[in-house]
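What follows is a single structure, written as structure tokens, with notes after it.
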Amino acid sequence: KAGVTQTPRYLIKTRGQQVTLSCSPISGHRSVSWYQQTPGQGLQFLFEYFSETQRNKGNFPGRFSGRQFSNSRSEMNVSTLELGDSALYLCASSGGGRQETQYFGPGTRLLVL
Amino acid sequence: AQTVTQSQPEMSVQEAETVTLSCTYDTSESDYYLFWYKQPPSRQMILVIRQEAYKQQNATENRFSVNFQKAAKSFSLKISDSQLGDAAMYFCSITGTASKLTFGTGTRLQVTL
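Each protein sequence line maps, in turn, to chains A and B.
Residues in the first sequence are numbered from 1 upward in steps of one, following my numbering.
Residues in the second sequence are numbered from 1001 upward in steps of one, following my numbering.
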């Protein structure tokens, strides 16, 4: 099976802009989770989508949002970008059952200037 | 809330030797799963091993094994016959009833000749 894919892999934006990141899960997986990784804060959970519904949410401001499509692909959007949003954004997919193993994509590196 | 603590920021091991990475956690849930993920320079998170909390038997995956001490809330990873390809950041993580992973701060493992 193909693994989790994320696009784009690298992105450079300026403050105030918005950005959309995409994640395609492993075929058959219905849950997609998003994580932010920064040197200062480490790995932090953003949110999880299952069957097109947000099932869990982390402690991030409303500028961070996401959605999931009927084919389980997910997008994450960050509006009004700030310098502190520069990070590696990781997407992970699982079958959808609680506590199932999550498999990660290669990540999207976002640099905000 | 769940927390994960990795007290060893860096570890070094010689090729073919054995190394143990430490991890302690805290959770109020009775049903949880523990994971070790590896993040090489490519930044992709790769599952190393998984342990169900209800299982007393320690998980093993080829050269990787864990020492799961539930009462002490300890979950260490032992890598036997270390190889150059094992060099990476290793993250300990936990998930409970909500499908979100909480990660430790990571241990950077160096493998020397």
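All C-beta atoms, glycine included, are put in the ideal place defined by N, C-alpha and C.
Checklist entry - Is it right to say B:G1104 is buried, meaning 16 or more other beta carbons lie within 10 angstroms of its own, or is it exposed? => result Taking the second sequence and counting its residues from 1, one reaches residue 1104 of chain B at position 104. The residue is buried, with at least 16 neighbouring Cβ atoms inside 10 Å.
Checklist entry - With contact counted as at least three CB pairs below 8 Å, one residue from each stretch, are the segment 94 to 111 of chain A and the segment 1037 to 1046 of chain B in contact? => result yes
Next on the checklist: Just to confirm before moving on: does the CB-CB distance between A:R98 and B:S1099 stay below 8 Å?
Outcome noted: Counted from its first residue, the first sequence places residue 98 of chain A at position 98. Counted from its first residue, the second sequence places residue 1099 of chain B at position 99. A contact, by the Cβ cut-off of 8 Å.
Item to check | Chain-ordered chain A contacts of B:L1084 [CB-CB under 9 Å] | outcome: Sequence index remark: in the second sequence, residue 1084 of chain B carries index 84 (1-based). Chain A residues near B:L1084: none, gap ~21 Å exceeds 9 Å.
Next on the checklist: With a threshold of 8 Å, are at least 3 pairs of Cβ atoms found where one atom belongs to the segment 1070 to 1084 of chain B and the other to the segment 1014 to 1024 of chain B?
Outcome noted: yes
Checklist entry - Taking B:S1065 as the reference, which of B:K1055, B:A1071, B:Q1051 has the closest Cα? => result Residue 1065 of chain B sits at position 65 when you count from the first residue of the second sequence. Checking every option, the nearest Cα to that of B:S1065 belongs to B:Q1051.
Item to check | C-alpha gap between A:I26 and A:K13, whole angstroms | outcome: Residue numbering aside, residue 26 of chain A sits at position 26 when the first sequence is read from its first letter. Residue numbering aside, residue 13 of chain A sits at position 13 when the first sequence is read from its first letter. Rounded to the nearest angstrom, the two C-alpha atoms are 28 Å apart.
Next on the checklist: Below 8 Å on C-beta distance, what does B:K1100 contact in chain A?
Outcome noted: Residue 1100 of chain B sits at position 100 when you count from the first residue of the second sequence. Chain A residues near B:K1100: S33, F45, E48, N56, G58.
Item to check | 8 Å Cβ cutoff, A:S98 in contact with chain B | outcome: If you number the first sequence from 1, residue 98 of chain A lands on position 98. Before going further, note that residue 98 of chain A is Arg rather than Ser in the sequence given. By this cut-off, A:R98 is an interface position.
Checklist entry - Quick one: Cα of A:Q6 to Cα of B:V1019, how far? => result Sequence index remark: in the first sequence, residue 6 of chain A carries index 6 (1-based). Sequence index remark: in the second sequence, residue 1019 of chain B carries index 19 (1-based). About 33 Å.
Item to check | C-alpha gap between A:R73 and A:V32, whole angstroms | outcome: Stepping through the first sequence from its first residue, residue 73 of chain A is reached at position 73. Stepping through the first sequence from its first residue, residue 32 of chain A is reached at position 32. The alpha-carbon atoms of A:R73 and A:V32 are separated by roughly 8 Å.
Checklist entry - Quick one, which of A:G96, A:S86, A:S94, A:A92 has its alpha-carbon nearest A:L110's? => result Against the first sequence, residue 110 of chain A aligns to sequence position 110. Per the Cα distances, A:S86.
Checklist entry - Smallest Cα separation from B:F1075: which of B:E1010, B:Q1044, B:F1035? => result Taking the first residue of the second sequence as position 1, residue 1075 of chain B is located at position 75. Nearest C-alpha to B:F1075: B:F1035.
Next on the checklist: Counting only C-beta atoms, is A:T101 closer than 8 Å to chain C at any point?
Outcome noted: Absent from the structure is chain C; the protein chains it does hold are A and B.
Checklist entry - Thinking C-beta only, is A:S24 closer than 8 Å to A:V4? => result Residue 4 of chain A sits at position 4 when you count from the first residue of the first sequence. Residue 24 of chain A sits at position 24 when you count from the first residue of the first sequence. It is a contact, given that the beta carbons lie within the stated cut-off.
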